[in-house]
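Take a look at the structure set out below.
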Amino acid sequence: MEVHQCECAICQAGQDAEVMAYHRQINLMLSRLEEAERRWYMASLSSAPGAPSDVVLGQISGLSDKTIARGRHELEEGLKERGAVGFLVALELNFCLNRMKRI
Ligand SMILES: [Zn+2]
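Just add 2 to the spot in the sequence shown (first one is 1) and you have our numbering.
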């Protein structure tokens with residue numbers, strides 16, 4: 003899958019290299035995840051303290067805000083679908099990325 007180019011205002015302005023690098027990493031990771039894992043990953047980012055709105059996360063990831071909200075609901079429901087192993091890997095990577103830079 004092709005890596006999505008972030009469409010958020012910060013990346014469009016091209017003035018914050020750290021944020022741009024972080025958003026590139028998010029999209030690189032998303033490109034390696036399965037569909038369900040992508041929405042769970044973005045849902046987990048959306049649940050972080052001080053996280054951007056679903057609309058902005060949608061600009062970053064190319065997912066719709068509805069899809070991110072659905073992922074959050076699935077997380078709240080305890081991930082009844084299969085594929086949670088990949089998701090746990092995603093959460094681990096997310097933790098590492100968050101230590102480097104918050105969105
Ligand atoms: Zn961006």
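Just so you know, even glycine gets a beta-carbon here, dropped at the ideal spot from N, CA and C.
Review point. R41 and G73: beta carbons closer than 8 Å?
Key: yes
Point to revise | Contacts around I62, its chain only, beta-carbon distance under 7 Å, and the 5 residues preceding and following it disregarded | key: C8, C10, H25 and I28
Point to revise | Check: I70 C-beta below 7 Å from any heavy atom of ligand 3 | key: Questions concerning ligand 3 fall outside what the structure shown contains, since the ligands it does hold are ligand 1.
Practice item. Mind reading off the beta-carbon distance from L95 to M31? Whole number of angstroms is fine, and I expect it under 8 Å. Key: Right, their Cβ atoms sit about 6 Å apart.
Check your understanding: Which whole-angstrom value is the C-beta distance of G80 and I70, which I expect to be below 8 Å?
Key -> Wrong, their Cβ atoms sit about 18 Å apart, outside the cutoff.
**Study point:** Same chain, Cβ closer than 7 Å to L65, five either side skipped, listed in chain order
**Key:** Cβ within range, chain order: R40, R41 and M44.
Practice item. Rounded to whole angstroms, what's the CA-CA distance from P51 to F97? Just pull it up for me. Key: The straight-line gap from Cα to Cα measures roughly 13 Å.
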